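A.B. asks:
Protein chains: 4
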Amino acid sequence: MLVVMRQDATAEETRGVLAAVESRGLKAHSIPGAQRTAIGITGNPGPLDPALFESLPGVWEAIPVSHPYKLVSREVKPDDSIVPIGGVPVGAPGFVVVVGGPCAVESREQTLTIAAGVKAAGAHLLRGGAFKPRTSPYAFQGLGEEGLRILSEARDLTGLPIVTEAVDEASLDLVERYADAIQIGARNMQNFSLLKRAGRARKPIVLKRGLSATLEEFLMSAEYILSEGNYAVVLCERGVRTFADHSRNTLDLTVVPAVKQLSHLPILVDPSHGTGRRDRVAALSRAAVAVGADGVMIEVHDHPDRALSDGPQSITPEMFAQLVGGLKKVAAAIDRAL
Amino acid sequence: MLVVMRQDATAEETRGVLAAVESRGLKAHSIPGAQRTAIGITGNPGPLDPALFESLPGVWEAIPVSHPYKLVSREVKPDDSIVPIGGVPVGAPGFVVVVGGPCAVESREQTLTIAAGVKAAGAHLLRGGAFKPRTSPYAFQGLGEEGLRILSEARDLTGLPIVTEAVDEASLDLVERYADAIQIGARNMQNFSLLKRAGRARKPIVLKRGLSATLEEFLMSAEYILSEGNYAVVLCERGVRTFADHSRNTLDLTVVPAVKQLSHLPILVDPSHGTGRRDRVAALSRAAVAVGADGVMIEVHDHPDRALSDGPQSITPEMFAQLVGGLKKVAAAIDRAL
Amino acid sequence: MLVVMRQDATAEETRGVLAAVESRGLKAHSIPGAQRTAIGITGNPGPLDPALFESLPGVWEAIPVSHPYKLVSREVKPDDSIVPIGGVPVGAPGFVVVVGGPCAVESREQTLTIAAGVKAAGAHLLRGGAFKPRTSPYAFQGLGEEGLRILSEARDLTGLPIVTEAVDEASLDLVERYADAIQIGARNMQNFSLLKRAGRARKPIVLKRGLSATLEEFLMSAEYILSEGNYAVVLCERGVRTFADHSRNTLDLTVVPAVKQLSHLPILVDPSHGTGRRDRVAALSRAAVAVGADGVMIEVHDHPDRALSDGPQSITPEMFAQLVGGLKKVAAAIDRAL
Amino acid sequence: MLVVMRQDATAEETRGVLAAVESRGLKAHSIPGAQRTAIGITGNPGPLDPALFESLPGVWEAIPVSHPYKLVSREVKPDDSIVPIGGVPVGAPGFVVVVGGPCAVESREQTLTIAAGVKAAGAHLLRGGAFKPRTSPYAFQGLGEEGLRILSEARDLTGLPIVTEAVDEASLDLVERYADAIQIGARNMQNFSLLKRAGRARKPIVLKRGLSATLEEFLMSAEYILSEGNYAVVLCERGVRTFADHSRNTLDLTVVPAVKQLSHLPILVDPSHGTGRRDRVAALSRAAVAVGADGVMIEVHDHPDRALSDGPQSITPEMFAQLVGGLKKVAAAIDRAL
């Protein structure tokens, strides 16, 4: 923490800040300047809240220095983490993972058809929601455990490990039993009870970024999971909320190199939610691979116009196969491979 | 839904859209224009997704018409709802409710002192968190049930009904037993499992707006609660996330008249979180009353500099008393009273 | 500037930063910590760019300390500035100024009628655009100098000083000749050529906040004007752009106390653009006065449904009279007066 | 425009809306529904303002249908526009243009060195600012005409056509004389006087997106230029302003396919401003090419640490050469070429 005094701060006010710092067991370092004095604070075990000092007389501003996360930080663990999902090494050097499948598991037939389609097209993992968080209480909320059974059957059939969302502790118990990775959705990114439970799960977690989460908050939510003992966390960018109204969300691809700099965790990109429109998914998938994401997560439906949720952003298995073909070329261009 | 065709759409493409509408059991109304044709759709029980039609050939754009909420809508219930919290009629005509108390219940002594202070200053309800959703897993997470017991004791002593947050189903069970109203925090505004449980609670709910929630999403989250049978919902604006960096959040006071137009539910304003700074709480509280909010919710701490959470935005009981005095005058200026 | 070193930074890297600081003629202050070292920099005449240091080896982060503005800062001039516009003392202690008038000057008759109406209702200043910055090249762009002549006539008739917008240097020359204050619109807040010209004008400037301007940028644009010698600047908040779609813009009332803390300049609020809807203007005007703004700026039209621009957010002279009556009461509640 | 009536609207209110529509010379189409009535409006020459109807009794909402732009629309001109800049065909099928150069022209030596560097690395166009719009009045504002002369000399030496910014009408006159393309910066995107002047220029315009511009506003600003007769417009995405604080701006790559759908104009991406950090420029450049942009615009400096502006986001000629090599591979992967 750096405390910056006002230009007209009195010597007494500066002494007051020094005393306040020391009364908290911290060490104060005075930095006199031409125009004003600043006071560096060290010795704090975790981050300090700027406002603790900003309310003291004579203080102009207090500026935090340390990041609040530890376990997720690349400073603590310099090497990239590899998170195996059912044997697929997400985050492995040079490897780009492709996750495909329906937004929601709607029926056995639909799921098995799509699973076979994405497998044939080259996907490594199958996604599909059995528990769906929906904005409206009147919308389809998923098939629940029946959906998980269908996903298991699809895995048996195709060999693809499955990733599916848990929305509360009860559904997490079930998902943990059936799935190969547990997804925590954007709207639950700061559902801290659920994060703690995820931290005690014996399966990897795919954590989606909240709609207005800063990078620090995103990493802190991952920190919740690691702090409970589960180090197998994969991040996923899926677009943030801005004023821009030409797409459902604004896909923030710059977050990929930013995560790579700060953290050792792998990060995927979900261009389906990120754009909200089928006709933009392929272009943004290519961009995601080109920017260095560890993989993409794409919604596929055999009849998008009849999908019970997110039909407009779902692509057909045929479009998906073509998309995977395109991604292979882009991956090769940056010396990676699907 | 209104489907707008491209200028160069063929007659066949227009017929295709008409057929698609009818195949869903809906009614299509063709509106030929000088430059292009539009197609109105009626007969849909709930809202339609624009993208269902935007992917059809010849379609330029599909524009939704209906709002997705029902029970919270002023169209369904034209009169203002009054939600009694422990006998205090939140939303009653001409009445402005004042909720005060610590961010977190830290100890018996701290809570009883603050409770006595806010009571003396004229508060109607006592707030205070026993379960705290914190961005960091390493931060103080609240006293849990012990905190609820302290709040009950504070109620016994002061007569103030209590409002406190639930963060998951387990804590909601406890809060429901001890408190007069159950708060759902901003980060849980779209924790739909928790909303459904809140809808089955026998206590009123104070629902805070999410950091990036549109008004429609905010009302849909209230709809979740009402749809389960609990009609006692109070909304609370607490600032949204924007690019502006001069305050912790951007308090969106325009949402107050907007809610009043669309819904019958009462709405409070929380200027403590809305500004994040003690020295701005009084000014924004006055603005909240002046704009027509049904009340304000304010963090009070006897030693803000020692507070375990949100100290910087907490005001002292003395500042609170002065603030309440100021609010009385502003309320009177618009023919309301505290 | 505070430069924070990485935890694993070598002593050589730290020396490299110290050398880089000194090579720029600045003074480095080393602050060794338990986990990492920080380096305070002083002696810089203006603000430094963090990225200058962030690219050096071993550096984790560089954090700026000084604000870049000088003349607008309350540190430089602790007392509130009073800006007289045609004799009306904007920013005077206890005084709330009311500016009313049409969005655009459309005709002599319309303008004189509205001017008489706002005068009768108690406005202190008349607003009205002769040069209109419009999003569409096909929209009404204002009457130009003819509009300025009409405004002058309205001033002669009512005695109200006039405020009107300049959109480029040519129009500023004309506005300077006719008007009592020159408005710089939100879309030109960072038109630095225009700001410099405004800084050489012999009339006060009303500077509106840009749609995505931070407080620092807003103050820096005012600094441009002051730095050219014109100290008569009035700021105006008119809403910022966010994801929220229930109002045309999100009115950021918290900026009012924030400006008051950092700067000596007066600040108005424009709830007409801030909300974009006639039926919300009165409520947000009351909130603006209650939060401590030095005045409000309101669009008034005798036939809003026939207005050539911004009709939907314009109120009638009758509504305006009622609004002013309401504002008097709110102002009185905070010991101020219109 | 579609006007949606309230559920409880009376027949008289509906007749009132129909009358209001017809009194404006427009045609009303009544669409009765089960729950409520909607009224389609046709015959309007340009877009209507929803609020004109929203203030009528019984109206719930008015929803605009037409887009306000014409000349930039792909509906009017289905084929991609190719804009030649000094012979370089920006927007040509399969071609990815690379624009490189310093943020600001600082000296003859610096500019010639960098120009030779970017030429050697494979750039097609040279960028460099002679007139710099700076947030602070105290920052380096560019060399002016002297800078333009240096750029001309660099063109003579390298053969690279030059793109440089104009910030007002006076500078545009000069830039038009010296440069091959005139850039309008983000902060001037809605400086409509400057846009009109650009529309009368005899050189192509590179129009950068404003920091909070919607796609519609971006296209409308281009429409200003086309409507004055200059059809040679290249758009440029350079990041928008959001809550995200891990990058200087949030680069919105989804706007590229969105522009391609709505307009025939070419679009570049500027990852230097888009990220604000040197170490992210290469990754985002690859993403820009992969998403389908017609080119990239990159800041290059031989001594970024001594740059007078935007040093932190500038890369060296060596890094630029490497970046161009990488872009060639990504372009090839999508069947395009530099």
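Line order of the protein sequences matches chains D, G, Y and V. First residue of the first sequence? That's 1 in my numbering, and the numbers climb one at a time after it. First residue of the second sequence? That's 1001 in my numbering, and the numbers climb one at a time after it. First residue of the third sequence? That's 2001 in my numbering, and the numbers climb one at a time after it. First residue of the fourth sequence? That's 3001 in my numbering, and the numbers climb one at a time after it. Just so it is clear, CB atoms sit at the ideal spot from N, CA and C, and this is done for glycine as well. Just so we're clear, the structure is a prediction, and the values are computed from it rather than from any experiment.
(1) Taking all protein chains shown into account, do 16 or more other C-beta atoms lie within 10 angstroms of the C-beta of residue 161 of chain D, making it buried, or fewer, making it exposed?
(2) In the DSSP assignment, find the alpha helix (DSSP H) that holds residue 1116 of chain G and state where it starts and stops.
(3) Let me know if residue 3312 of chain V comes out buried or exposed under the rule of 16 or more other beta-carbons within 10 Å of its beta-carbon.
(4) Hey, is residue 3167 of chain V's beta-carbon within less than 9 angstroms of any beta-carbon in chain Y?
(5) To the nearest whole angstrom, what separates the beta carbons of residue 2256 of chain Y and residue 2215 of chain Y, a pair I think is in contact under 8 angstroms?
(6) Between the segment 3036-3053 of chain V and chain G, which residues of the former have CB atoms less than 7 angstroms from a CB of the latter, in chain order?
(7) At a CB-CB cut-off below 7 angstroms, which residues of chain V make contact with residue 2278 of chain Y?
(8) So is residue 3320 of chain V in contact with chain G if we call contact Cβ pairs under 9 angstroms?
(9) Looking only at its own chain, which residues have a Cβ that is under 8 angstroms from the Cβ of residue 84 of chain D, when we skip the five neighbours before and after it?
(10) Is the Cβ of residue 3098 of chain V closer than 9 angstroms to any Cβ of chain D?
(11) Output yes if chain Y places a C-beta closer than 9 angstroms to the C-beta of residue 1246 of chain G; else output no.
(12) Return helix, strand or coil for residue 183 of chain D, following the three-state DSSP convention.
(13) Less than 9 angstroms separating the beta-carbons of residue 1251 of chain G and residue 1238 of chain G?
(14) By alpha-carbon positions, which one of D/196, D/280 and D/173 ends up nearest to residue 270 of chain D?
(15) Any residues in the segment 177-205 of chain D with a beta carbon nearer than 7 angstroms to a beta carbon of chain G? Which ones, in chain order?
(16) So which of G/1183, G/1146 and G/1220 has the shortest CA-CA distance to residue 134 of chain D?
(17) Which stretch, first to last residue, makes up the beta strand (DSSP E) that contains residue 273 of chain D?
(18) Using only CA atoms, which one of V/3130, V/3155, V/3211 and V/3106 lies nearest to residue 3248 of chain V?
(19) Work out the CA separation of residue 1103 of chain G and residue 1310 of chain G for me, nearest whole Å.
(20) What does the alpha-carbon distance come out to for the pair residue 1036 of chain G and residue 1030 of chain G?
(21) Does DSSP classify residue 24 of chain D as helix, strand or coil?
(22) First and last residue of the alpha helix (DSSP H) that includes residue 331 of chain D?
(23) What residues in its chain sit with their C-beta under 8 angstroms from that of residue 3050 of chain V, if we drop five residues either side in the sequence?
(24) When you compare each of V/3093, V/3113 and V/3259 to residue 3303 of chain V by their alpha carbons, which one comes out closest?
(25) So residue 1317 of chain G contacts chain D; which residues on that side make the cut at Cβ distance below 9 angstroms?
(26) Buried or exposed for residue 8 of chain D, please, with buried defined as at least 16 other CB atoms from any protein chain shown within 10 angstroms of its CB.
(27) From the DSSP output, read off the bridge partner residues of residue 1177 of chain G.
(28) With burial defined as no fewer than 16 other Cβ atoms inside 10 Å of the residue's Cβ, what is the status of residue 2141 of chain Y: buried or exposed?
(29) Does the Cβ of residue 3317 of chain V have 16 or more other Cβ atoms within 10 Å, making it buried, or fewer, making it exposed?
(30) Taking 9 angstroms as the CB-CB cut-off, is residue 1241 of chain G touching chain V?
(31) With distances taken Cα to Cα, identify the nearest neighbour of residue 2088 of chain Y among Y/2159, Y/2130 and Y/2213.
(32) Whole angstroms is fine: what's the gap from residue 1240 of chain G's alpha carbon to residue 1099 of chain G's?
(33) Measuring only between beta-carbons, confirm whether residue 1141 of chain G sits less than 9 angstroms from chain V.
(34) Strictly by DSSP, which residues pair up with residue 3095 of chain V?
(35) Taking Cβ-Cβ distances shorter than 8 angstroms, what residues in chain V pair up with residue 212 of chain D?
(36) Could you name the residues of the same chain whose beta carbon sits closer than 6 angstroms to that of residue 336 of chain D, not counting the 5 residues immediately before and after it, in chain order?
C.D. replies: Straight from the coordinates:
(1) buried
(2) 1108-1121
(3) buried
(4) yes
(5) 11 angstroms between Cβ atoms; not a contact.
(6) 3038, 3040, 3042 and 3043
(7) 3055
(8) no
(9) 90, 204 and 232
(10) no
(11) yes
(12) strand
(13) yes
(14) D/280
(15) Residues of the segment 177-205 of chain D whose Cβ lies closer than 7 angstroms to any Cβ of chain G, in chain order: 187, 188, 190, 191, 192 and 193.
(16) Minimum Cα distance to residue 134 of chain D is reached at G/1220.
(17) Looking at the DSSP string, residue 273 of chain D is not in any beta strand (DSSP E); the run it does join, the alpha helix (DSSP H), is 271-275.
(18) V/3211
(19) 7 angstroms
(20) Between residue 1036 of chain G and residue 1030 of chain G, the C-alpha separation is close to 11 angstroms.
(21) coil
(22) Taken as a continuous stretch (DSSP letters only), the alpha helix (DSSP H) holding residue 331 of chain D covers 317-333.
(23) 3001, 3061, 3062, 3063 and 3064
(24) V/3113
(25) Within 9 angstroms Cβ-Cβ: nothing; residue 1317 of chain G doesn't reach chain D, min ~16 angstroms.
(26) It is exposed - the Cβ of residue 8 of chain D has fewer than 16 other Cβ atoms within 10 Å.
(27) DSSP lists no partner for residue 1177 of chain G.
(28) buried
(29) buried
(30) Yes - at least one Cβ of chain V is within 9 angstroms of the one on residue 1241 of chain G.
(31) Considering only alpha carbons, the answer is Y/2159.
(32) 20 angstroms
(33) no
(34) Beta-bridge annotation (DSSP): residue 3095 of chain V is paired with V/3337.
(35) 3243
(36) 94 and 96
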